[in-house]
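Let me begin by presenting the structure, written as structure tokens, before commenting on it.
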Amino acid sequence: MQTASSTTASAAAVGMPRRRVLGAYLEEARSECLRYLRAPGFLLPVMLFPAMFYLLFGVLMARSNGADAARYLLASYGVFGVMSPGLFGFGVSLALERDGGLLTFKRALPMPPGAYLLGKMLMAMAAAGVVILLLLAMALSLDRVTLAPLQAGALLLTGMLGVLPFCALGMFVGTLIRGQGAPGMLNLIYLPMSFLSGLWMPLPLLPAFLQRIAPVWPSYHLDRLALAAVGMNRGPLLVHVLVLAGFAAGLALLAARRLRRHG
Amino acid sequence: MNDTTVARLAAAVKRYGPLTALDGVDLAVRRGELLALLGPNGAGKSTSVSLLLGLIRPDTGRAELFGLDPQRIEARRRIGVMLQSANLPPTLRVCELLRLTMSYYPNPRGYDETAVLAGIADLLLRPYGKLSGGQQRRVQFALALCGRPELLFLDEPTVGMDIDARQKLWAAMRALVAEGCAVVLTTHYLEEADALAQRVVVLGQGRVLSEGSVDDLRKRVALTRIRCVSDLDATAIAAWPNVASAMREDGYLRIATAQAEAVVRRLLDADSALGELEVQRAGLAEAFTELTRDAAEAADADQREAA
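Here you go:
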């Protein structure tokens with residue numbers, strides 16, 4: 001029996017050329033983007049919700065504050081904005097697809113590991129980019145925020161990369177909760193975490209205790225980076241980058257393991 | 001195991017909480033054969049398939065695909081899959097789904113060849129979500145065979161198909177088997193197993209109840225049922241030659257036999273007042289019902305004994 005097993009195993013070891021594997025990744029990413037572009041009903045609210053929030057609270061309600069406050073709010077609401085495509089675009093779609101059997105089907109197929117997640121990640125990054133651009137457009141036209149082109153670019157880059165830890169968090173929640181329960185659970189994380197890390201109201205206005213525990217939240221660290229991008233934070237940045245990277249990697253590993261084992 | 005085995009379960013046990021879905025199942029799929037997996041709902045068909053696909057892991061025992069852990073991608077590159085329910089992205093066109101799935105395999109079947117074989121050449125430009133249920137099943141079948149698999153898993157493939165589409169799918173399955181592709185087919189339709197399968201495994205209560213060719217299964221109950229109203233003694237008839245069983249039930253005399261003509265002749269000779277005579281051939285369906293009912297009764301009896 002042992003020898004028979006090994007002969008079949010060696011036959012199976014005939015692998016797939018690297019170019020074809022790469023092709024599979026590209027096809028998967030392309031399909032993932034296509035399907036959401038053709039069904040804007042899913043991603044549009046995810047992008048417009050934080051933009052509307054910024055318009056109401058960051059622009060209209062905060063008109064009397066100075067130029068620094070306006071930039072501060074732009075950065076913080078930008079972070080709030082990119083969390084949404086990460087958590088919802090990634091987490092909810094994953095939860096729904098686990099429910100509908102698509103993920104089971106993909107797991108049964110020889111899809112290269114991670115191709116499906118990579119496609120979703122690219123989509124979330126694109127959505128995050130759109131959110132930041134929307135906010136920038138509103139800030140520059142309505143709020144008369146002054147921003148150097150380099151700062152605007154830095155904020156865009158921060159947003160597009162900063163969505164990744166929240167993709168990981170959304171993915172992890174998506175592997176824990178199936179189907180319709182996911183949006184509620186994600187809101188339960190999204191909104192309090194945004195408040196607690198000072199995205200709606202600057203941290204110094206929050207109670208001292210909440211200020212002290214703010215570094216627990218990944219959104220706090222991304223906020224530090226976003227503030228630096230618009231020239232409002234001159235402190236060291238590496239530590240925040242490392243925290244976010246570690247947070248993203250840890251959750252992504254946990255989630256990937258759950259997906260591989262349980263689907 | 002010999003080296004013609006492409007997939008197997010060895011003493012596989014899978015529990016979901018208190019429910020034992022599979023209770024020590026041994027199953028081997030041989031190269032190039034069409035194996036039908038039959039059984040009532042909850043018998044363990046889907047669990048068996050999920051184990052072989054690596055979607056779940058056995059609690060004890062083993063599942064192997066080409067001698068490898070089914071979760072290894074190298075093993076899965078040699079299989080094709082059609083699951084019972086899969087909501088594929090509705091906004092993608094059929095051609096896009098096909099190209100995507102083909103990209104997963106090292107040496108896929110040609111695009112046009114796949115479309116023709118699965119009978120979806122006319123659907124390629126349509127969005128998947130706009131197709132009828134039967135058309136969607138045909139597309140799923142195309143996705144299953146596009147990778148030129150050595151082993152194809154088809155879980156209830158013809159549910160929701162009209163007769164014409166079903167016939168076409170059967171023809172395509174025969175063509176695949178002729179190419180040397182092994183197929184594991186789970187189905188509710190016994191005529192499907194009858195028409196296609198070289199070997200039939202009947203599952204019930206998470207165990208293998210019977211395994212053999214379709215003819216073997218049929219022979220197990222290649223009996224004809226006779227029902228009539230008569231005063232003849234059932235126990236005496238049971239002792240007649242060629243009578244498998246005889247009993248009285250609801251006022252009817254019920255006889256099972258492999259030689260209906262001889263038994264009927266003797267019955268009519270013995271009782272001139274005999275009436276309401278009915279003779280019915282037991283089909284595969286009855287064989288199957290019998291088999292699974294016996295298992296259910298046995299399980300009940302076990303439980304009573306245990307209690």
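In order, the protein sequence lines correspond to chains A and B.
If you're matching positions, the first sequence starts at 1 in the UniProt record's numbering and goes up one per residue.
If you're matching positions, the second sequence starts at 1 in the UniProt record's numbering and goes up one per residue.
A virtual CB, placed ideally from N, CA and C, is assigned to each residue, including glycine.
Check, Outcome
"Minimum Cβ-Cβ distance from ALA126(A) to chain B less than 8 angstroms", "no"
"Straight-line gap, ILE177(A) to GLY212(B) (C-alpha atoms, nearest Å)", "42 angstroms"
"Cutoff 8 angstroms: ARG144(A) Cβ touching any chain B Cβ", "no"
"Per-residue DSSP class, three states only, for PRO90(B)", "coil"
"Rounded straight-line distance, which links the Cα of GLY61(B) to that of GLY78(A)", "52 angstroms"
"Residue-level contact to chain B via CB, ALA13(A), 8 angstroms cutoff", "Interpretation of ALA13(A) is limited by its pLDDT of 43, a score under 50 that renders its predicted location unreliable; no figure is taken from the coordinates."
"C-beta contact flag for VAL183(B) and LEU34(B) at 8 angstroms", "yes"
"Beta-bridge partners of LYS14(B), as assigned by DSSP", "LEU22(B)"
"Which of helix, strand or coil DSSP assigns to residue 317(A)", "Outside the shown range of chain A, which is 1 to 263, sits residue 317(A), and nothing can be said about it."
"For ARG199(B): DSSP bridge partner residues", "LEU35(B)"
"Residues of its chain near ALA13(A), where Cβ-Cβ distance is below 7 angstroms and the 5 sequence neighbours each way are ignored", "Caution is warranted here: a pLDDT of 43 is assigned to ALA13(A), below 50, making its placement in the model unreliable, and the coordinate value is therefore given only provisionally. Counting only Cβ-Cβ distances below 7 angstroms, and skipping sequence neighbours, we find nothing."
"Beta-carbon proximity of ALA214(A) to GLY198(A), cut-off 8 angstroms", "yes"
"Chain-ordered chain E contacts of GLU96(B) [CB-CB under 8 angstroms]", "The structure shown contains no chain E; its protein chains are A and B."
"Straight-line Cα distance separating ARG254(B) from SER108(A)", "For clarity, residue 108(A) is Ala in the given sequence; the question names Ser instead. Cα-Cα distance, rounded: 49 angstroms."
"Distance between beta carbons of LEU206(A) and TYR72(A), contact taken as under 8 angstroms", "Incorrect: roughly 14 angstroms between the Cβ atoms, too far for contact."
"Pair within 8 angstroms by beta-carbon distance, GLN151(A) and VAL241(A)", "no"
"Local conformation of GLN2(A) per DSSP, three classes", "The predicted model places GLN2(A) with a pLDDT of 41, which falls under 50 and marks its position as unreliable, so this point remains unresolved."
"Collapsed DSSP secondary structure at LEU253(B) in the structure displayed", "strand"
"Burial state of ILE120(B) (16 or more Cβ within 10 Å)", "buried"
"For ILE189(A) and ALA208(A), the rounded distance between their alpha carbons", "21 angstroms"
"Minimum Cβ-Cβ distance from PRO183(A) to chain B less than 8 angstroms", "no"
"Span of the beta strand (DSSP E) around CYS228(B)", "224 to 229"
"Close beta carbons around LEU125(B), own chain, < 8 angstroms, minus the five adjacent residues each side", "ARG93, VAL94 and CYS95"
"Below-8 angstroms beta-carbon distance, ARG19(A) vs any chain B residue", "no"
"First and last residue of the uninterrupted beta strand (DSSP E) at PHE153(B)", "151 to 155"
"Candidates ILE237(B), VAL279(B) and LEU9(B), of which the one nearest ALA270(B) by Cα", "ILE237(B)"
"Residue interval of the beta strand (DSSP E) (run including SER210(B))", "207 to 212"
"Within chain A, the residues that ARG99(B) reaches when beta carbons sit closer than 8 angstroms", "GLU27"
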